[in-house]
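Number of protein chains: 2
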Amino acid sequence: MPPQKTTFENLDQSKRERIMIEATKEFAEYGFHQASVNRMVNRLGIAKGSLFKYFGTKQGILEYVFGHAVTMLKAPLKQIRLETEGGDLFERVRQVTLAGADFIEAHPNIYRIYLKMLLQENFPMRERFLTRIRATSGKFLHSLVQEAMESGQLRSDIDTDMAVYLLDTTVDRFLQSVAVPFLDGDSILHGADRQTIETRLDSLLDLLRHGLSGIPKT
Amino acid sequence: MPPQKTTFENLDQSKRERIMIEATKEFAEYGFHQASVNRMVNRLGIAKGSLFKYFGTKQGILEYVFGHAVTMLKAPLKQIRLETEGGDLFERVRQVTLAGADFIEAHPNIYRIYLKMLLQENFPMRERFLTRIRATSGKFLHSLVQEAMESGQLRSDIDTDMAVYLLDTTVDRFLQSVAVPFLDGDSILHGADRQTIETRLDSLLDLLRHGLSGIPKT
DNA sequence: ATGTATAGTGACCGGGTGGTCATTCGCTAT
DNA sequence: ATAGCGAATGACCACCCGGTCACTATACAT
Chain A
315 MPPQKTTFEN LDQSKRERIM IEATKEFAEY GFHQASVNRM VNRLGIAKGS LFKYFGTKQG
375 ILEYVFGHAV TMLKAPLKQI RLETEGGDLF ERVRQVTLAG ADFIEAHPNI YRIYLKMLLQ
435 ENFPMRERFL TRIRATSGKF LHSLVQEAME SGQLRSDIDT DMAVYLLDTT VDRFLQSVAV
495 PFLDGDSILH GADRQTIETR LDSLLDLLRH GLSGIPKT
Chain B
315 MPPQKTTFEN LDQSKRERIM IEATKEFAEY GFHQASVNRM VNRLGIAKGS LFKYFGTKQG
375 ILEYVFGHAV TMLKAPLKQI RLETEGGDLF ERVRQVTLAG ADFIEAHPNI YRIYLKMLLQ
435 ENFPMRERFL TRIRATSGKF LHSLVQEAME SGQLRSDIDT DMAVYLLDTT VDRFLQSVAV
495 PFLDGDSILH GADRQTIETR LDSLLDLLRH GLSGIPKT
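Sequences listed follow chains A and B, in order.
The first sequence begins at 315 in the numbering used here and counts up one residue at a time.
The second sequence begins at 315 in the numbering used here and counts up one residue at a time.
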């Protein structure tokens, strides 16, 4: 039995896009529970019944919109992994981070939804979506570190798990700092332009590479 | 004119405490908008009108409860700064992080409110509270780095702002990772006991101190 | 012109919300 | 006993919510 098309999928593309954009905006601004279907349909100029015909429930709208976006995450990561194969770990991490910045710039509202989901236990689909995202980005970094370890780019005595953790969280937090105020202490990142982002990132990666200490390891 | 006591401040301490605890729990579980005053009063067994007499509005409840907690943050930080004066930077950072872990263990619901506030632009009082908190912890770390810099504990060529940023966000994220699932890639921190926390933290600080690279800086 | 399938509609429902206020309660001083 | 007063009450209000469904509009095949 071929999957029969939903009402929503029969709409012309322009209408579908308008609805997706407006719904994404609403969830990005208000999170899930505060988001209002009434507001969505008012801004779209369509009847409330229509939206429920398309997606069943409010949660269904979120699942469709966000699920779609999560799928788009994998492609650029895979590409980077292939393009930079065998290269320097920190250069690869740099590429990943900048790819993240590109994604956020291209889909800022999707990223806002992700951030709200992160720290709100009540957010529907939280566990499912976050698991998917973490699996994607976590496994990726893990393999990068593994390869770097094997090619002797890293100190042999380090705790691999902690190294992955440090890189993972640093990248994640770096992107958050650019997008959200109050996360970088002196606001040296929030809202920065591309040029500044790259400079700061290089500086940060240098610290990770060589450490902060002025005293050589004995 | 002496500040005249509010109705709430005239209550006996046990009742005041019960109310504070219950309100904190409600906000911690549901955030601000989803939190329900009806639920609070039902669980407390008091009339809804009473709560509004005490605090005026729902937001007033939050301000009272959370504002009180934020004030308590400063004392332990100041103490650590004094007790460890002149000591090794990383040891001082270690102390601060563990103090943070202690605070979270003692006031888990306050920390949950803080986390929800962090990434929700609609949260009332967000800007005011976050500014206060960041000012407290940010300036603190800044002074630690400054002192370490002057006593030659750090490489002289590093970007001070980025060093502060790296330490600040690493500590912050470390605590988040312990408290929240999905933030540490392979769940090596979430829900860990004190012993594990200390071991991991030492490992992490070692990475920050000496860097990840196996190739010495030229 | 008629039938059929699909898309679109919006008044309506039950329920929860933050907030109000006229009233009652409980204690203390006289 | 009684007067006075702050604490406590809960029915009530206007509002907004997600979701429903009987109905209409449109397009195409016959």
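Virtual Cβ for every residue (Gly too), placed ideally from N, Cα, C.
Reduced DSSP category for residue i - H, G, I as helix; E, B as strand; rest coil
i, result
"S465 (chain B)", "coil"
"P316 (chain B)", "Legend: pLDDT at P316 (chain B) = 47, less than 50; position of this residue unreliable, no value from coordinates given."
"S470 (chain A)", "coil"
"S527 (chain B)", "strand"
"L358 (chain A)", "helix"
"F496 (chain B)", "coil"
"S350 (chain B)", "coil"
"S501 (chain B)", "coil"
"A506 (chain B)", "coil"
"G363 (chain B)", "helix"
"G400 (chain B)", "coil"
"L515 (chain A)", "helix"
Cβ-Cβ distance between residue i and residue j below 8 Å
i, j, result
"D500 (chain A)", "D475 (chain B)", "yes"
"L387 (chain B)", "L433 (chain A)", "no"
"G528 (chain A)", "R523 (chain B)", "no"
"T321 (chain A)", "K367 (chain A)", "yes"
"R487 (chain A)", "F496 (chain B)", "no"
"F454 (chain B)", "R514 (chain B)", "no"
"P534 (chain A)", "F346 (chain A)", "Only positions 315 to 532 of chain A appear in the structure, and residue 534 (chain A) is not among them; the question remains open."
"N436 (chain A)", "Y344 (chain B)", "yes"
"V485 (chain B)", "G414 (chain B)", "yes"
"L358 (chain B)", "R332 (chain B)", "yes"
"E405 (chain B)", "T398 (chain B)", "yes"
"I511 (chain A)", "V492 (chain A)", "yes"
Residue span of the alpha helix (DSSP H) that contains residue i, given as start and end
i, result
"S328 (chain B)", "327-344"
"V410 (chain B)", "403-420"
"A383 (chain A)", "372-397"
"F437 (chain A)", "First-last for F437 (chain A): undefined, no H or E at that position."
Neighbour list for residue i in chain A, Cβ cutoff strictly below 8 Å
i, result
"G528 (chain B)", "G466, Q467, L468, R469, S470"
"L412 (chain B)", "Going along chain A, no residue has its Cβ under 8 Å from L412 (chain B), so there is no contact; the nearest lies around 17 Å."
"H347 (chain B)", "H347, Q348"
"G381 (chain B)", "Per Cβ cutoff of 8 Å: no residues; G381 (chain B) is ~17 Å from chain A at best."
"G363 (chain B)", "Simply none; closest approach about 26 Å."
"Y344 (chain B)", "N436"
Interface residues of chain B facing residue i [CB-CB closer than 8 Å]
i, result
"K430 (chain A)", "L433, Q434"
"R448 (chain A)", "F496, G499"
Cross-chain neighbours of residue i in chain A, by beta carbon under 7 Å
i, result
"I502 (chain B)", "D475, Y479"
"R523 (chain B)", "G525, L526, S527"
"D482 (chain B)", "G499"
"G452 (chain B)", "G499, D500"
"L444 (chain B)", "F496"
Contacts that residue i makes with chain B (C-beta to C-beta distance below 9 Å)
i, result
"S457 (chain A)", "Within 9 Å Cβ-Cβ: nothing; S457 (chain A) doesn't reach chain B, min ~12 Å."
"T398 (chain A)", "Neighbours of T398 (chain A) on chain B: none; closest Cβ ~17 Å, over 9 Å."
"G370 (chain A)", "Those within 9 Å of G370 (chain A) in chain B number zero; the least Cβ separation is about 22 Å."
Proximal chain B residues relative to residue i, where beta-carbon distance stays under 7 Å
i, result
"S517 (chain A)", "D473, M476"
"R487 (chain A)", "T483, R487"
"R514 (chain A)", "M476"
Inter-residue CB distance, residue i and residue j (contact presumed, cutoff 8 Å)
i, j, result
"V351 (chain B)", "K372 (chain B)", "6 Å"
"I375 (chain B)", "L489 (chain B)", "Incorrect: roughly 26 Å between the Cβ atoms, too far for contact."
"V459 (chain B)", "L391 (chain B)", "Their Cβ separation, rounded to whole angstroms, is 15 Å, which puts V459 (chain B) and L391 (chain B) out of contact at 8 Å."
"L518 (chain A)", "L480 (chain B)", "6 Å"
"F443 (chain B)", "V384 (chain B)", "6 Å"
"K329 (chain A)", "N423 (chain A)", "Between N423 (chain A) and K329 (chain A) the Cβ distance is about 19 Å, and since that is not below 8 Å, they are no contact."
"G452 (chain A)", "D482 (chain A)", "6 Å"
Residue i beta carbon near the ligand NAP (any heavy atom closer than 7 Å)
i, result
"P495 (chain B)", "You won't find the ligand NAP in this model; it holds no ligand whatsoever."
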